[in-house]
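First up is the structure itself, then whatever we jot down about it.
Residue numbers (the numbering used here), protein chains in the order written: chain A, 4 to 160; chain B, 4 to 160.
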């Protein structure tokens, strides 16, 4: 029996999936040498520190905007201590959990304009944030390997 | 109103999302220089050719196994022409669409043992295949940049 319009994953499962990915990204930030975080780069790409800041300033702000239309976030990618990024990370973890519970029923199917710029279905925009994290974290894996450091295993969440 | 057990994404939406990612990965394979596909590497990692073969031999075989328990796939990562990989890719695109329509209702919530090795909920295993593709494609972006080639934009599916 075909399954058009069948549910693939519930809201709670998606949150757990995302937080699993976020745990792995946090582990990668922890494993990254402090002195390379905002200096090491390959092929003219952004540093992993800048990518980590992009990730952490997209996640909770995306869910907050989806909840209440407040699209405030930070665009600063300035170098800062690893401990400060990890603190931002852990605060975002709690914020995402709290905000997720406040998402009104039906919101995932509604079209919103994220950060006043990106129009799309709420579920697509949230998926984009998760995919963007996986994408840039994968790049962090290459950076770490190029520094001779073994990254945490991808399958371990 | 909280939304526990609320649907996040439907089966059809997830398939479209995946095929969008697969289009982008195909574009990356196309952009990759033929003579570097199975030779270029950073930090002792696998070549992008080997990663592309892993991706293409996981996708359709995962859905086929979820449909009928046939876990046949190819583990060969031997060098081959780019055109051959793209042919495998396009065949897999059709297979995934065909097999997706055959997934029995309720299968996403059932526990299966993928490739006789990886036990999990069908939806989690399918998400893993997609995440693995995004992860390794992100690494392909770094490889391409390190070769001085601009990859296709991440947001374009």
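Cβ coordinates follow ideal geometry from the N, Cα and C atoms, glycine included.
Item, Value
"Pairs of beta-carbons, one from the stretch 78-86 of chain A and one from the stretch 49-58 of chain A, closer than 8 Å: are there three or more?", "yes"
"Using the DSSP secondary-structure output, state which residues sit across from residue 10 of chain B in a beta bridge.", "A:13"
"Relative to the C-alpha of residue 77 of chain B, which candidate in B:69, B:104 and B:61 has its C-alpha closest?", "B:61"
"Can you grab the Cα-Cα spacing for the pair residue 150 of chain B / residue 158 of chain B, in whole Å?", "21 Å"
"Step through the CB atoms of chain B and report whether any lies within less than 7 Å of the CB of residue 51 of chain A.", "no"
"Is the beta carbon of residue 66 of chain A closer than 7 Å to that of residue 88 of chain A?", "no"
"Is it buried or exposed for residue 135 of chain B, if we count other Cβ within 10 angstroms and need 16 for buried?", "buried"
"Run through chain B and tell me which residues come within less than 7 Å of residue 111 of chain A, C-beta to C-beta.", "11"
"Mapping the DSSP letters down to three states, classify residue 45 of chain A as helix, strand or coil.", "coil"
"Do you know how far the Cα of residue 55 of chain A is from the Cα of residue 45 of chain A?", "16 Å"
"By the DSSP assignment, the beta strand (DSSP E) with residue 141 of chain A in it spans what residues?", "Unbroken run through residue 141 of chain A is the alpha helix (DSSP H), 125-149; no beta strand (DSSP E)."
"Do the stretch 137-145 of chain B and the stretch 129-146 of chain A touch if we need at least three Cβ pairs shorter than 8 Å?", "yes"
"Take the Cβ of residue 64 of chain B as the centre, count every other Cβ of all protein chains shown within 10 Å, and call the residue buried at 16 or more, exposed below.", "buried"
"Going by CA-CA distance only, name the one from B:58, B:91, B:90 and B:118 that's closest to residue 72 of chain B.", "B:118"
"Terminal residues of the continuous alpha helix (DSSP H) containing residue 82 of chain B?", "Counting along the chain, residue 82 of chain B falls outside any alpha helix (DSSP H), and DSSP gives it neither H nor E."
"Considering only residues of the same chain and omitting the five flanking positions on each side of residue 126 of chain A, which have a CB-CB separation below 8 Å?", "111 and 112"
"Looking at the unbroken alpha helix (DSSP H) that takes in residue 115 of chain B, where does it start and where does it end?", "Counting along the chain, residue 115 of chain B falls outside any alpha helix (DSSP H), though it belongs to the beta strand (DSSP E) covering 114-117."
"Are residue 70 of chain B and residue 92 of chain B close, meaning C-beta to C-beta below 7 Å?", "no"
"Which of the three DSSP states is assigned to residue 122 of chain B in this structure?", "strand"
"Note down the Cα distance separating residue 3 of chain A from residue 86 of chain B, rounded to an integer number of angstroms.", "Since the first residue shown for chain A is 4 and the last is 160, residue 3 of chain A is missing from the structure and cannot be characterised."
"Of all Cβ atoms in chain B, is any one closer than 7 Å to the Cβ of residue 44 of chain A?", "no"
"State the Cα-Cα distance for the pair residue 24 of chain B and residue 160 of chain A, rounded to the nearest angstrom.", "22 Å"
"Using a Cβ cut-off of 7 Å (strictly closer), state whether residue 59 of chain A contacts chain E.", "The structure shown contains no chain E; its protein chains are A and B."
"Please list, in chain order, all residues of the same chain as residue 162 of chain B whose beta carbon is under 7 Å from its beta carbon, the five residues on each side excluded.", "Only positions 4 to 160 of chain B appear in the structure, and residue 162 of chain B is not among them; the question remains open."
"Under 9 Å between beta-carbons, which chain A residues line up against residue 132 of chain B? List them in chain order, please.", "The premise fails here: residue 132 of chain B is roughly 12 Å from chain A at the closest Cβ pair, so nothing lies under 9 Å."
"Helix, strand or coil: how does DSSP classify residue 54 of chain A here?", "helix"
"Under 8 Å between beta-carbons, which chain A residues line up against residue 148 of chain B? List them in chain order, please.", "45, 46, 47 and 48"
"What is the DSSP secondary structure of residue 61 of chain A, reduced to helix, strand or coil?", "coil"
"Output yes if chain B places a C-beta closer than 7 Å to the C-beta of residue 126 of chain A; else output no.", "yes"
"Counting C-beta neighbours from all protein chains within 10 Å, is the total for residue 121 of chain B 16 or more, i.e. buried, or is it exposed?", "exposed"
"Comparing the C-beta of residue 66 of chain A with each C-beta of chain B, is any distance below 7 Å?", "no"
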